[in-house]
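In my numbering, the protein residues as written are 55 to 291. Since the structure comes first, as structure tokens, the remarks are kept for the end.
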């Protein structure tokens with residue numbers, strides 16, 4: 055009969071094998087998600103940064119970069135929708151303005167874009183006041199414009215989100231700030247998408263969003279994209 059020590063040793067051996075197999079499977083799943091362009095948020099943001107660096111590392115300078123949060127990151131048809139413009143999708147899920155500044159040295163500045171289409175997201179409202187957001191955006195754009203002096207910045211308004219109605223008034227305030235800020239700088243253009251994303255009565259259009267009321271569905275992406283493309287045509291004509 056097998057003694058107790060032998061049984062214990064065998065159990066430990068199986069546990070080690072299971073741990074190794076689980077680790078390998080987890081790594082494979084993450085790799086597949088990265089290849090699929092999954093929009094990682096939270097502590098997994100760095101995985102999205104690695105994916106962006108890998109996908110676009112061989113692209114020549116002077117492209118148009120879309121830089122922002124989930125509504126860019128989840129726009130998997132972006133490059134096709136913007137044709138014939140050469141664009142790169144550098145959006146990553148859950149990003150705040152601080153994140154965009156933090157990772158700019160890796161996925162914005164080195165690519166030397168001619169145009170940056172910037173998405174002003176709603177994630178900052180989770181931990182900042184409106185006044186703090188104003189100050190942070192001023193800081194961010196000051197850095198971006200200094201590091202990319204030849205680029206044009208196309209700044210998208212905050213979207214009217216059915217799923218975040220509680221910040222609707224603050225979103226309007228941020229949009230007003232962005233509109234005025236862009237008007238003061240010749241290398242910045244503000245695009246207000248409020249009208250196309252709401253009814254003539256000022257109601258939300260939930261049919262343009264996924265079930266969460268925060269992320270655009272395909273219909274919403276195409277509508278938003280047409281507005282952006284019109285501006286790109288003006289800039290490059």
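Where a beta carbon is used, it is the ideal one built from N, C-alpha and C, also for glycine. None of these values were measured; they are calculated from a predicted model.
Between residue 276 and residue 139, the gap from beta carbon to beta carbon reaches 7 Å or more. Taking 7 Å as the cut-off, the beta carbon of residue 282 is found no closer than this to the beta carbon of residue 206. Boundaries of the alpha helix (DSSP H) around residue 198: 184-201. Inclusion of residue 122 and residue 172 in the CB contact set at 7 Å is warranted, their separation being smaller than that value. Between residue 178 and residue 196, the C-beta gap is not smaller than 7 Å, which leaves the two residues out of contact.
Residue 274 places its beta carbon less than 7 Å from that of residue 262. For residue 266, same chain residues with a beta-carbon under 6 Å away, outside a window of 5 residues either side, are 217 in chain order.
Residue 230: member of the alpha helix (DSSP H) spanning 222-237, first to last residue.
The shortest C-alpha to C-alpha distance from residue 271 to any of 130, 234, 225 is the one to 130. Rounded to the nearest whole angstrom, the CA to CA distance from residue 109 to residue 127 is 13 Å. When the Cα atoms are used, residue 209 and residue 219 turn out to be separated by approximately 22 Å.
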